[in-house]
Structure formats: C-alpha cells, structure tokens
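Heads up: the structure comes next, in structure tokens.
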Amino acid sequence: GEDVEQSLFLSVREGDSSVINCTYTDSSSTYLYWYKQEPGAGLQLLTYIFSNMDMKQDQRLTVLLNKKDKHLSLRIADTQTGDSAIYFCAEVRGKLIFGQGTELSVKP
Amino acid sequence: DVKVTQSSRYLVKRTGEKVFLECVQDMDHENMFWYRQDPGLGLRLIYFSYDVKMKEKGDIPEGYSVSREKKERFSLILESASTNQTSMYLCASSKGGRTEAFFGQGTRLTVV
Numbered sequence: 024g025e026d027v028e029q030s031l032f033l034s035v036r037e038g039d040s041s042v043i044n045c046t047y048t049d050s051s052s053t054y055l056y057w058y059k060q061e062p063g064a065g066l067q068l069l070t071y072i073f074s075n076m077d078m079k080q081d082q083r084l085t086v087l088l089n090k091k092d093k094h095l096s097l098r099i100a101d102t103q104t105g106d107s108a109i110y111f112c113a114e115v116r117g118k119l120i121f122g123q124g125t126e127l128s129v130k131p
Numbered sequence: 409d410v411k412v413t414q415s416s417r418y419l420v421k422r423t424g425e426k427v428f429l430e431c432v433q434d435m436d437h438e439n440m441f442w443y444r445q446d447p448g449l450g451l452r453l454i455y456f457s458y459d460v461k462m463k464e465k466g467d468i469p470e471g472y473s474v475s476r477e478k479k480e481r482f483s484l485i486l487e488s489a490s491t492n493q494t495s496m497y498l499c500a501s502s503k504g505g506r507t508e509a510f511f512g513q514g515t516r517l518t519v520v
C-alpha cells in the first residue's frame, strides 16, 4: 500500500511488555524512526534503526526490522505509566512519512 | 539541545480570517517543515523548505502558503481560514542531509 500503517490503540498493564507494530512502504528506506508524543506536546525522537540492521536495543526499547515484510516493531519492556503516549513510526521517502500513530495506554 | 518554538500553543480564529503560524528554530537547520495532525490520520505534510526563500508543496498544500525569509523562521499562512483547517499544527526542522526531525510543541488551531 501507499501508507505507513499502524494500529490505533494498544492497552497494557504496568510492568508488562508493549509491542507496537508498523508496516512501511518503501523497501529502500535507509532510516526508520520511532517518535513519541506525550499529551499536549510535540513529537520527540525516541529511536531509529538503519536499514542494514535487524535489531537495535536501547535500554527498555527494542526495535526489530523485517525488511522482507517491510515490518517494523517497537518493544517496550517493563512498561510504565509514563510510557502512555502516542507512538509514531516514520520512514524516509525523500521526506519523513508518518504512520497514523498508536495510542499506548498503560493501566496500573 | 535543539529548540523549535511555535509562537502560540492555542489559537481561535474566525472563518475567513488570515492566520499566521510562526516557527523558529535555533540550531541553524536548513530544513523546516509544517505538518498537521488529525486523529486517525497521523501527520500530514503541508509544506517544507530546504533553504531560505525556497518552498516545496507537501501532500496537502491546498488552502495554505508559507514564507521563509530567514533561515531560522518558517511561517505557515492560512489565507482565508475555514472550519476544516481546525487541527493541531506541528513545525519541525532538520539539518541538511539528515532526516531525523525535531518538533515544536504544536499549535492547536480552532476555526469557528
């Protein structure tokens, strides 16, 4: 398809792992990004992965990239209430193209 | 730290008014962008600029124009505001040749 796609909502319990999925469109995208948007705020770059990598880990965050299926995921270990936010994946197609955003709700 | 500042957090304007949204970045970035964010639609690119006095249309430029007279400032103009332009507007900047963008806090515009 033409669009970067994400599911709109995810709800988890505090302490569980969260997995946010994204399907992108351009197999030649060199960078893929995850942004976080807290309520009432702009977007903050969370992490990114180069297209020649399959996985990137940064503390509680793990990014997995499946280039064959054009699938990107963000795993947040030990999810906390402060992780409640909207998460956007983005690919580069000349410019940044964003998905619809996944709203993560963390319940105590 | 990169700082991208949008002049207003909230704006309420009347239909037909001319509206200016201002964005300033302090990191000497070449690239600047204007997006609008609507529920379920993600971020859609309105206009972007790779240099002073240069502008390129994004995916949804209709009803908007932009101005970049100085490197640090990128203005979004709604020539005649309409209710379907009620939205969250996000400005971003990035360094030339790099793609990760840094965002302002957003301006929530309501057109009544």
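For the record, the sequence lines run as chains A and B.
With our numbering, the residue at position 28 of the first sequence is 51, and numbering never jumps.
With our numbering, the residue at position 105 of the second sequence is 513, and numbering never jumps.
Here a beta-carbon is modelled for each residue, glycine too, at the ideal position from N, C-alpha and C.
These numbers were taken from a predicted model, which means no experiment stands behind them.
Exercise. So, is the C-beta of residue 90 (chain A) closer than 8 Å to a C-beta in chain B?
Worked result: Cβ-Cβ to chain B under 8 Å: no for residue 90 (chain A).
Exercise. If residue 515 (chain B) sits next to residue 54 (chain A), beta carbons under 8 Å apart, how far is it from one beta carbon to the other, in whole angstroms?
Worked result: Between residue 54 (chain A) and residue 515 (chain B) the Cβ distance is about 27 Å, and since that is not below 8 Å, they are no contact.
For this session: State the DSSP-derived secondary structure class of residue 491 (chain B), mapped to helix, strand or coil.
Result: helix
Problem set entry | Start and end residues, beta strand (DSSP E) containing residue 472 (chain B) | Residue range 472-478 is occupied by the beta strand (DSSP E) that includes residue 472 (chain B).
Exercise. Along chain A, which residues have their Cβ under 7 Å away from the Cβ of residue 507 (chain B)?
Worked result: 54, 115 and 119
Problem set entry | Closest by C-alpha distance to residue 353 (chain B), when choosing among B:476, B:435, B:485 and B:425 | Since the first and last residues shown for chain B are 409 and 520, residue 353 (chain B) lies out of range.
Exercise. Just checking my contact of residue 412 (chain B) with residue 512 (chain B) at CB under 8 Å: how many whole Å lie between their CB atoms?
Worked result: 4 Å
Problem set entry | Interface flag, residue 375 (chain B) vs chain A, CB-CB below 8 Å | Missing from the structure shown is residue 375 (chain B); chain B here goes from 409 to 520 and no further.
Exercise. Taking buried to mean at least 16 other C-beta atoms within 10 Å of its own C-beta, is residue 450 (chain B) buried or exposed?
Worked result: buried
For this session: Give the range of the beta strand (DSSP E) segment to which residue 81 (chain A) is assigned.
Result: 78-81
Exercise. If you draw a straight line from the alpha carbon of residue 44 (chain A) to that of residue 29 (chain A), how long is it in whole angstroms?
Worked result: 6 Å
Exercise. Does the Cβ-Cβ distance between residue 104 (chain A) and residue 131 (chain A) come in under 8 Å?
Worked result: yes
Exercise. So does the region 59-79 of chain A actually touch the region 458-473 of chain B, counting three or more Cβ pairs closer than 8 Å?
Worked result: no
Exercise. Just checking my contact of residue 475 (chain B) with residue 487 (chain B) at CB under 8 Å: how many whole Å lie between their CB atoms?
Worked result: Not really, about 12 Å apart at Cβ, beyond 8 Å.
Problem set entry | Local Cβ density within 10 Å of residue 498 (chain B), reported as buried at 16 or more and exposed below that | buried
Exercise. Going by C-alpha distance, which of A:81, A:66 and A:83 is nearest residue 109 (chain A)?
Worked result: A:66
For this session: Scan the region 52-104 of chain A and note each continuous beta strand (DSSP E) run of 3 residues or more that stays entirely inside, going in chain order.
Result: 54-60, 66-73, 78-81, 84-89 and 94-99
Exercise. Around the Cβ of residue 100 (chain A), are there at least 16 other Cβ atoms within 10 angstroms (buried) or fewer (exposed)?
Worked result: exposed
Problem set entry | Under 8 Å by beta carbon: chain A residues contacting residue 449 (chain B) | 123
Exercise. Taking the alpha carbon of residue 489 (chain B) as the point to measure from, which residue in B:421, B:416, B:417 and B:414 has its own alpha carbon closest?
Worked result: Selected option, being the one with the closest Cα: B:421.
Exercise. Cβ of residue 419 (chain B) less than 8 Å from any chain A Cβ?
Worked result: no
Problem set entry | Unbroken beta strand (DSSP E) run spanning residue 454 (chain B), endpoints | 450-457
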